[in-house]
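First the structure, in the form of C-alpha coordinates, and then the observations on it.
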(Lines of atoms letter the chains of each structure in order from A; the text may use other names.)
(Lines give C-alpha, C1' and ligand atoms only; values in the text may rest on other atoms or scores of the structure.)
Protein backbone atom coordinates (compact mmCIF):
# COMPACT_ATOMS: atom_id res chain seq x y z
CA UNK A 6 0.00 0.00 0.00
CA UNK A 7 1.40 3.39 -0.92
CA UNK A 8 0.53 6.81 0.42
CA UNK A 9 0.56 10.16 -1.30
CA UNK A 10 0.99 13.44 0.52
CA UNK A 11 0.12 16.76 -1.07
CA UNK A 12 1.99 19.76 0.33
CA UNK A 13 1.60 23.28 -0.97
CA UNK A 14 4.16 26.10 -0.85
CA UNK A 15 3.23 29.69 0.00
CA UNK A 16 4.29 32.67 -2.13
CA UNK A 17 7.68 32.83 -0.37
CA UNK A 18 8.47 29.20 -1.14
CA UNK A 19 7.84 27.99 2.43
CA UNK A 20 5.87 24.83 2.99
CA UNK A 21 2.35 25.83 3.94
CA UNK A 22 1.36 24.63 7.38
CA UNK A 23 4.92 23.90 8.52
CA UNK A 24 6.20 27.38 9.40
CA UNK A 25 4.99 30.76 10.53
CA UNK A 26 6.33 34.26 10.02
CA UNK A 27 7.91 35.68 13.20
CA UNK A 28 8.38 39.28 12.03
CA UNK A 29 11.79 38.76 10.46
CA UNK A 30 11.79 35.20 9.16
CA UNK A 31 10.07 31.85 9.50
CA UNK A 32 9.98 29.51 12.50
CA UNK A 33 8.63 26.00 12.66
CA UNK A 34 5.06 26.01 13.96
CA UNK A 35 4.85 24.41 17.36
CA UNK A 36 2.11 22.34 18.93
CA UNK A 37 1.50 22.43 22.65
CA UNK A 38 2.56 19.28 24.48
CA UNK A 39 2.24 20.45 28.11
CA UNK A 40 -0.99 21.62 29.75
CA UNK A 41 -1.06 23.04 33.27
CA UNK A 42 -4.16 23.80 35.33
CA UNK A 43 -4.43 26.04 38.36
CA UNK A 44 -7.62 25.15 40.19
CA UNK A 45 -9.36 28.26 41.59
CA UNK A 46 -7.11 29.47 44.40
CA UNK A 47 -7.40 32.43 46.76
CA UNK A 48 -4.47 34.78 46.13
CA UNK A 49 -3.81 37.49 48.73
CA UNK A 50 -3.06 41.12 47.92
CA UNK A 51 0.38 41.68 46.37
CA UNK A 52 1.24 38.00 46.16
CA UNK A 53 1.60 35.36 43.49
CA UNK A 54 0.64 31.79 42.74
CA UNK A 55 2.64 29.52 40.43
CA UNK A 56 0.83 27.99 37.46
CA UNK A 57 3.72 26.15 35.81
CA UNK A 58 7.16 25.07 36.96
CA UNK A 59 9.10 23.21 34.25
CA UNK A 60 10.81 19.87 34.65
CA UNK A 61 14.46 19.93 35.70
CA UNK A 62 16.78 21.39 32.99
CA UNK A 63 13.79 22.49 30.85
CA UNK A 64 12.60 25.94 29.77
CA UNK A 65 8.94 26.92 29.61
CA UNK A 66 7.55 28.07 26.24
CA UNK A 67 4.20 29.66 27.13
CA UNK A 68 1.94 29.62 24.08
CA UNK A 69 -1.44 30.42 25.60
CA UNK A 70 -2.98 31.10 29.00
CA UNK A 71 -6.58 31.48 30.07
CA UNK A 72 -7.08 33.22 33.42
CA UNK A 73 -10.24 33.50 35.49
CA UNK A 74 -10.78 35.97 38.32
CA UNK A 75 -13.50 36.16 40.97
CA UNK A 76 -13.62 39.96 40.80
CA UNK A 77 -12.22 43.24 39.53
CA UNK A 78 -8.49 43.83 39.64
CA UNK A 79 -5.20 43.97 37.81
CA UNK A 80 -3.44 40.62 37.45
CA UNK A 81 0.03 40.13 35.99
CA UNK A 82 1.01 36.96 34.16
CA UNK A 83 4.71 36.75 34.93
CA UNK A 84 7.19 34.54 33.08
CA UNK A 85 10.59 34.36 34.67
CA UNK A 86 12.26 33.94 38.03
CA UNK A 87 9.65 33.25 40.69
CA UNK A 88 8.76 36.45 42.51
CA UNK A 89 9.78 38.88 39.78
CA UNK A 90 9.24 37.83 36.17
CA UNK A 91 11.26 38.68 33.07
CA UNK A 92 8.12 39.16 30.98
CA UNK A 93 5.03 40.71 32.56
CA UNK A 94 1.64 40.68 30.82
CA UNK A 95 -1.08 42.77 32.53
CA UNK A 96 -4.72 41.62 32.51
CA UNK A 97 -7.37 44.07 33.73
CA UNK A 98 -10.54 42.49 35.10
CA UNK A 99 -13.60 44.74 35.59
CA UNK A 100 -15.45 41.99 37.44
CA UNK A 101 -15.65 38.23 37.60
CA UNK A 102 -14.52 37.09 34.17
CA UNK A 103 -12.23 34.83 32.14
CA UNK A 104 -9.64 36.20 29.70
CA UNK A 105 -7.28 34.49 27.28
CA UNK A 106 -3.85 35.52 26.01
CA UNK A 107 -2.63 33.82 22.84
CA UNK A 108 1.13 34.10 22.31
CA UNK A 109 1.13 32.21 19.00
CA UNK A 110 4.36 30.21 18.79
CA UNK A 111 4.98 31.24 22.38
CA UNK A 112 7.53 32.98 24.56
CA UNK A 113 10.52 30.83 25.53
CA UNK A 114 11.89 31.52 29.00
CA UNK A 115 15.55 32.50 28.98
CA UNK A 116 16.76 30.15 31.72
CA UNK A 117 15.97 26.53 32.50
CA UNK A 118 14.39 25.44 35.79
CA UNK A 119 14.42 28.86 37.51
CA UNK A 120 11.75 30.30 35.23
CA UNK A 121 8.10 29.75 36.04
CA UNK A 122 4.71 31.05 34.94
CA UNK A 123 2.82 32.73 37.76
CA UNK A 124 -0.17 34.98 38.41
CA UNK A 125 0.45 38.06 40.54
CA UNK A 126 -2.44 39.86 42.27
CA UNK A 127 -1.88 43.64 42.47
CA UNK A 128 -5.41 44.28 43.79
CA UNK A 129 -6.20 45.65 47.25
CA UNK A 130 -7.88 42.45 48.39
CA UNK A 131 -7.74 38.72 47.81
CA UNK A 132 -9.03 37.29 44.53
CA UNK A 133 -9.76 33.73 43.55
CA UNK A 134 -7.72 33.02 40.42
CA UNK A 135 -7.73 30.00 38.15
CA UNK A 136 -5.77 29.29 34.97
CA UNK A 137 -5.14 26.91 32.12
CA UNK A 138 -1.73 27.34 30.49
CA UNK A 139 -0.23 25.44 27.62
CA UNK A 140 2.96 25.29 25.61
CA UNK A 141 6.12 23.21 25.61
CA UNK A 142 9.12 22.45 27.77
CA UNK A 143 12.37 22.62 25.80
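In this note's numbering, the protein residues as written are 6 to 143.
Backbone N, C-alpha and C fix where the C-beta goes; we use that ideal spot for every residue, glycine too.
When the options are compared against residue i, the one with the closest alpha-carbon
| i | options | result |
| --- | --- | --- |
| residue 92 | 121, 102, 72 and 110 | 121 |
| residue 49 | 132, 137, 136 and 140 | 132 |
| residue 38 | 86, 68 and 72 | 68 |
| residue 111 | 140, 52 and 30 | 140 |
| residue 89 | 142, 53 and 129 | 53 |
| residue 96 | 113, 117 and 136 | 136 |
| residue 84 | 61, 57 and 72 | 57 |
| residue 62 | 114, 126 and 106 | 114 |
| residue 40 | 129, 130, 60 and 116 | 60 |
| residue 142 | 29, 72, 134 and 117 | 117 |
Residue i - partner residues in DSSP beta bridges
| i | result |
| --- | --- |
| residue 48 | 132 |
| residue 56 | In DSSP, residue 56 forms no bridge with anything. |
| residue 37 | Answer is none; residue 37 lacks a bridge partner. |
| residue 42 | 137 |
| residue 142 | 65 |
Spatial neighbours of residue i in its chain, beta-carbon cut-off 6 Å, leaving aside the 5 residues before and after
| i | result |
| --- | --- |
| residue 7 | Note that residue 7 has pLDDT 42, beneath the 50 cutoff, so the model's placement of it is unreliable and the number below is only indicative. Closer than 6 Å at Cβ, skipping near neighbours: no residue. |
Own chain residues within Cβ distance below 7 Å of residue i, not counting five before or after
| i | result |
| --- | --- |
| residue 108 | 67, 68 and 69 |
* In the segment 68–133, which residue ranges form an unbroken alpha helix (DSSP H) of at least 4 residues, counting only runs that do not cross its ends? -> none
* **Segment contact flag, the segment 96–116 with the segment 64–84, C-beta cutoff 8 Å, min 3 pairs** => yes
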